[in-house]
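If you read the sequence shown in UniProt numbering, its first letter stands for residue 1, the second for the next number, and so on.
For glycine and all other residues, C-beta sits at the position ideal for the given N, C-alpha and C.
Nothing here was measured: the structure is a model prediction, and the numbers come from that model.
Quick notes on the structure that follows.
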Amino acid sequence: MSHNDNDAGVGGGSSARSGGQESVSICEFHQKNGCWFGMKCKSPHSLEEEEIERAKRCHRRFERKKKRSGRRHWSNPRGLSRKVSSLEDTLHDAIEGMQEELRAFRVAAVTEGDRFEKLEAENKRLERENALLKEEKLQQDEELEKVRSTAEEYLRAMLRQDEQLDEVRASAEEYLRAQEATSARRAKFYVKQEKSINRLLSAMREEMCKDCSEKGARALEDCPGITWCRIWRNKEGGFSGATYTG
Numbered sequence: 001m002s003h004n005d006n007d008a009g010v011g012g013g014s015s016a017r018s019g020g021q022e023s024v025s026i027c028e029f030h031q032k033n034g035c036w037f038g039m040k041c042k043s044p045h046s047l048e049e050e051e052i053e054r055a056k057r058c059h060r061r062f063e064r065k066k067k068r069s070g071r072r073h074w075s076n077p078r079g080l081s082r083k084v085s086s087l088e089d090t091l092h093d094a095i096e097g098m099q100e101e102l103r104a105f106r107v108a109a110v111t112e113g114d115r116f117e118k119l120e121a122e123n124k125r126l127e128r129e130n131a132l133l134k135e136e137k138l139q140q141d142e143e144l145e146k147v148r149s150t151a152e153e154y155l156r157a158m159l160r161q162d163e164q165l166d167e168v169r170a171s172a173e174e175y176l177r178a179q180e181a182t183s184a185r186r187a188k189f190y191v192k193q194e195k196s197i198n199r200l201l202s203a204m205r206e207e208m209c210k211d212c213s214e215k216g217a218r219a220l221e222d223c224p225g226i227t228w229c230r231i232w233r234n235k236e237g238g239f240s241g242a243t244y245t246g
């Protein structure tokens, strides 16, 4: 049997590595029916005995090769020592790298801790300032409310005063109109009285002597409602006119 036939095996007889381990492939029918080397098939199939024997030989050759590779590996102490040294160096470098990372992490943690403490202190300070500002704002709002209420009270008082002033102005205007009417009536009355008095004085000058005229003038001064200011005398000593106010 040729080398190619021996390497073919069932389904090609090729070998494959999976996860660092080698395994011998089997035919599709064996895979479907769960039949492996060294085990009896669960159901009969049409494979020839020669193919089954060839697959078994391939499997035995694979096992021998695996054993030989293991013996060579363990029988080479220098290679094993180099591999161990390389692994130790790799492990040492990995440990040092992890230690460096740990130290850097600790430094970063301390730095972040200090930064967190500073931020926390700053936050507390801002909270205190915010509380003070809120309290000050409340006080200002209360004062503003008081000022607003006082201003509204003053405005209401001013409106009341304006109303009272309008009432007083109206009363004063009405009083002035009444006084003007009264003054007009009095003026008419005084004009009428003046004419009568002038006629009386003229008659007194004509018909009375000097003494009687003076007595009559003094009597006229006592007339109710008349205040004499000045009496003119004529050249003969009699009355020539008078002015008066009421």
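For the pair Gln164 and Glu129, the Cα-to-Cα distance works out to about 51 Å. In the three-state scheme derived from DSSP, where H, G and I count as helix and E and B as strand, Cys212 is classed as helix. Counting the other Cβ atoms within 10 Å of the Cβ of His92 gives fewer than 16, which makes it exposed.
Spanning the alpha carbons of Arg160 and Glu153 requires a straight line of approximately 10 Å.
Distance from the CA atom of Leu155 to the CA atom of Val147, rounded to whole angstroms, is 12 Å. Separation of Ser81 and Ala94 (C-alpha to C-alpha, rounded to the nearest whole angstrom) is 19 Å.
By the neighbour-count criterion, in which 16 or more other beta carbons inside 10 Å mark a residue as buried, Ala55 falls on the buried side. Rounded to the nearest whole angstrom, the C-alpha separation of Ser149 and Glu143 is 10 Å.
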